[in-house]
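**Q** A single structure is presented below for examination.
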Amino acid sequence: MLSPEDLIGQKVWLEVPRDSDFPNLDPHRVKAVITQPTSPPWFYARYEDPPAALREPGRWISLYEAEQAYFFAPVLEDYDFADDSEEDIDYEDEYRLH
205 MLSPEDLIGQ KVWLEVPRDS DFPNLDPHRV KAVITQPTSP PWFYARYEDP PAALREPGRW
265 ISLYEAEQAY FFAPVLEDYD FADDSEEDID YEDEYRLH
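In structure tokens form, the structure reads like this:
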């Protein structure tokens with residue numbers, strides 16, 4: 205079990221059900237940041253760039269839901285390949301035979 209401090213600020217993917225008038229459609233997959241405006245075991249997942257069909261800015265989730273999202277649906281940040289090339293250049297300059 206994770207402490208609330210481990211979960212607060214984490215970016216996760218959440219599945220948000222679509223309109224109940226269309227039960228056959230897949231749920232929205234929305235990026236959210238876990239915050240905690242109240243005491244545990246409740247957390248608030250604030251949506252980042254939600255689709256226009258969602259009318260709320262986020263939703264309340266339990267400690268269990270927050271842990272499940274943290275372990276099984278984390279947001280993986282894009283890897284910046286430009287950083288690697290700069291390190292390679294520095295390495296070549298440092299160990300180049302003169």
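The numbering of the sequence shown is this note's numbering, which starts it at 205 and goes up by one.
No residue lacks a Cβ here, since even glycine has one placed at the ideal position from N, Cα and C.
None of the values given here were measured: they were computed from a predicted structure.
What beta strand (DSSP E) runs, 3 residues minimum, are completely inside the segment 221-288?
**A** Listed in chain order, they are 232-239, 246-252, 262-266.
**Q** What three-state label does DSSP hand L211 in the structure shown?
**A** Position 7 of the sequence shown, counted from the first residue, corresponds to residue 211. It is helical.
**Q** With DSSP as the reference, please indicate the residues paired to L218 in a beta bridge.
**A** What you label residue 218 is simply residue 14 of the sequence shown in a count that begins at 1. Per DSSP, V234.
**Q** What is the rounded straight-line gap between the Cα of D225 and the Cα of A257?
**A** As a first step, residue 225 is located in the sequence shown; it is residue number 21 there, counting from the start. As a first step, residue 257 is located in the sequence shown; it is residue number 53 there, counting from the start. Approximately 13 Å, taken between the alpha carbons.
**Q** Out of curiosity, what's the CA-to-CA distance linking L229 and V220?
**A** Numbered from its first residue, the sequence shown carries residue 229 at position 25. Numbered from its first residue, the sequence shown carries residue 220 at position 16. When rounded, the distance between both Cα atoms is 11 Å.
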